[in-house]
Every structure is written in C-alpha cells, then in structure tokens.
Amino acid sequence: MRGLFLVITGLATGMAVLASVPSLSAARQIPAAPTPVPTVAAAPEDRLSEPWWAARHKAVLAEVASHPDAELLVIGDSITQNYERSDPPDEVFLPTWRAFYASRGALNLGFGGDTTSNLLWRLQNGEVQGLRPKVVLLMIGTNDTGHAGLTADQAERGIDAVVAELKLRLPKTKILLLGVLPSGISEAKTAADKAVNQHLAALYAADAQVTYLDISSTFQTPTGEINAALYYDPRRPQPGPPLHPNTVGQRLMAEAIDPTLAKLLGETAGR
Numbered sequence: 276m277r278g279l280f281l282v283i284t285g286l287a288t289g290m291a292v293l294a295s296v297p298s299l300s301a302a303r304q305i306p307a308a309p310t311p312v313p314t315v316a317a318a319p320e321d322r323l324s325e326p327w328w329a330a331r332h333k334a335v336l337a338e339v340a341s342h343p344d345a346e347l348l349v350i351g352d353s354i355t356q357n358y359e360r361s362d363p364p365d366e367v368f369l370p371t372w373r374a375f376y377a378s379r380g381a382l383n384l385g386f387g388g389d390t391t392s393n394l395l396w397r398l399q400n401g402e403v404q405g406l407r408p409k410v411v412l413l414m415i416g417t418n419d420t421g422h423a424g425l426t427a428d429q430a431e432r433g434i435d436a437v438v439a440e441l442k443l444r445l446p447k448t449k450i451l452l453l454g455v456l457p458s459g460i461s462e463a464k465t466a467a468d469k470a471v472n473q474h475l476a477a478l479y480a481a482d483a484q485v486t487y488l489d490i491s492s493t494f495q496t497p498t499g500e501i502n503a504a505l506y507y508d509p510r511r512p513q514p515g516p517p518l519h520p521n522t523v524g525q526r527l528m529a530e531a532i533d534p535t536l537a538k539l540l541g542e543t544a545g546r
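Going by the working numbering, the sequence shown opens with residue 276, and the numbers climb by one from there.
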C-alpha cells in the first residue's frame, strides 16, 4: 500500500509540474492558422440601401404578380437590364428585346451591378414567386470576378447556389445557363472567367434541367482576342475597358442564344 501511495503521489506531482509549464505551441510561439477566405458569393445579400435598386425590386415584384403566366424569365445583371434601354447609337437594345424576348412574353429580371449574392437574395425574396415559366435564361457572375473581387472558386459557388435556388423554386423550369462573357477588365479577370466557364461546362454537362451555353466566341476575333468594337464602354465620354455589349453586340448575343432557347421553349424554329 505504501508503494502504491508513492506511485500515485509521484504521478500527481508530475502532472502539477506539467501544468505549470507553458504549452508547446505557446513556448515556440506558433502563429495561428490564417482565417479561411469566406465564400461570400454563396450567401444572399441585398442592396436595399440603394434607392434605385430597392425601387426596381419593388417594381419587379409587381410585374411578377401581374404576369403569373410568363413563360420566359431573363435573369442577370446590367447586361440583362440593358435590354430596357434605347440610347443611340451604342445602347439601342429595345428592338432586340422586343424581337427575341418580349415577343415570347418574357420578364426582365436584370439588375445592374448585381453579383450572385444579390441575385440569390432576390430569388429568395419574391422575384419568381408564383411563376411557372418554361425557361429561365440566366447570365450572372461577371461582377463577382469584376468589381466584387471574388475568386473563380467563389464565383463558381455563387453561380451554383443561384442554379440550385432556381431548381428549388422552379422545379419544372428549364434553365439556360450562359457562360461569363469576355471582358477587357484585366488578365486576372479573364483567367478567372475562363476557369468559371470550364467549371460550369463540366458540372452541368449531364444535368437534365440545365443547359449550359458558352457564346464567348461571338465577342472574340478569329485569333481569340476580345473584339472591343462590340462593346460600348470604350466609346463612352469617360472610356472604360470592354464589359457591356453595345447595340450590335447585344443583337449578336441574342442571335447566338436563340436556337438553343427556341428548342427549350418547344418552338419549331428560332427567330
């Protein structure tokens, strides 16, 4: 018994000594692991603090409520919203909208500057409520890798989240998912957008509800460079790099989309 007592006492003393010694990590001053970059693109985020955005969201909700039989939704950012404009010579988009989309009873759910986070919020807050369209034409993501400064992986997650939300809310609707269009913002953005498009092409290749369509070649020269003549940004009073298709570019885009769109709508031929 006395021997057992000594063993227990020795163990207790040793534990007390160990407890008084700083931890190994602290002694060596090992820095903490860096905090992972949050995948913000997969989280819904509104822009209600911007009066025009809040007003447009309210107007879209009214349009949705008054057109429950809409068979086509065109959803996206400024490139989609631009269809409502008719500013000659470079931004005359209404004729293209009327010929390819309004004639099919489409609703325009485009909001300038939106990222996938903003679109995700809109989908979760009434912008497709009560609708049962045949097709959703979706183009989103260029602002994720643009002004939002997100990585290709974050943009991919954001687009995937939007597609998943559309599938959840519109389970019988076909989704025509467009790739991110070429832009002249930076080499880094161009590389990110190519990675995003490769991801989308691979992920949705065998998806029964989603048809992926990359029309990048419409905006490129025969050598694969961006055709700046098809964008209005460089011709503005304060020129910017190519990002938004101009009058001709928007028409060419609609023409490139049309055969696939017509097929998904069950039409015998395109426009």
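Think of the CB as a built atom: it goes at the ideal place given N, C-alpha and C, for glycine as much as any other residue.
Distance CB(residue i)-CB(residue j) smaller than 7 Å
| i | j | result |
| --- | --- | --- |
| F368 | Q525 | yes |
| E366 | R373 | no |
| L406 | A381 | no |
| L452 | V485 | yes |
| S458 | P517 | yes |
| L323 | A329 | yes |
| L395 | P509 | no |
| S349 | N383 | In the sequence as presented, Ser is not what sits at residue 349; that position holds Val. Closer than 7 Å, so yes. |
| E440 | L413 | no |
| V471 | T417 | no |
| L336 | G401 | yes |
| G387 | S353 | yes |
| A531 | T371 | no |
| T426 | G385 | no |
| A476 | Y487 | yes |
Residue span of the beta strand (DSSP E) that contains residue i, given as start and end
| i | result |
| --- | --- |
| G351 | 347-351 |
| N400 | First-last for N400: undefined, no H or E at that position. |
| L382 | 381-385 |
| L451 | 449-453 |
| L369 | Run containing L369: none in the beta strand (DSSP E); it sits in the alpha helix (DSSP H), 369-375. |
| L412 | 410-414 |
Host alpha helix (DSSP H) of residue i (start-end)
| i | result |
| --- | --- |
| L441 | 427-444 |
| A334 | 326-341 |
Where residue i falls, given that 16 or more other Cβ within 10 Å makes a residue buried
| i | result |
| --- | --- |
| Q429 | buried |
| Q404 | exposed |
| P343 | exposed |
| T448 | buried |
| T520 | For clarity, residue 520 is Pro in the given sequence; the question names Thr instead. When all chains shown are included, P520 counts as buried. |
| V282 | Unreliable positioning characterises V282 in this predicted model, as indicated by a pLDDT of 37, which lies under 50. The coordinate reading is nonetheless provided below. Per the 10 Å Cβ criterion, exposed. |
| G351 | buried |
| G541 | exposed |
| P408 | buried |
| D468 | buried |
| T522 | buried |
| S300 | For S300, the pLDDT reaches just 35, beneath the cut-off of 50, and the residue's location in the model is therefore unreliable, although a value from the coordinates is still provided. Its Cβ having fewer than 16 others within 10 Å, S300 is exposed. |
| A345 | buried |
| K243 | Any answer about residue 243 is impossible in this case: the structure gives the chain only from 276 up to 546. |
Residue-level contact to chain D via CB, residue i, 7 Å cutoff
| i | result |
| --- | --- |
| E325 | This model lacks chain D altogether; it includes just one protein chain. |
Residue ranges of each beta strand (DSSP E) within the stretch 459-533, 3 or longer: Whole beta strand (DSSP E) segments, 3+ residues: 485-488.
The stretch 479-499 in contact with the stretch 416-427 per 3-pair CB rule at 8 Å
The answer is no - the stretch 416-427 does not touch the stretch 479-499, with fewer than three Cβ pairs under 8 Å.
How do the stretch 376-395 and the stretch 429-443 stand: do at least 3 beta-carbon pairs fall below 8 Å, yes or no?
Contact between the stretch 376-395 and the stretch 429-443 is present, because at least three Cβ pairs lie under 8 Å.
(message) If contact is defined by three or more beta carbon pairs under 8 Å, each pair taking one atom from either stretch, is the stretch 500-516 in contact with the stretch 530-540?
(response) The answer is no - the stretch 500-516 does not touch the stretch 530-540, with fewer than three Cβ pairs under 8 Å.
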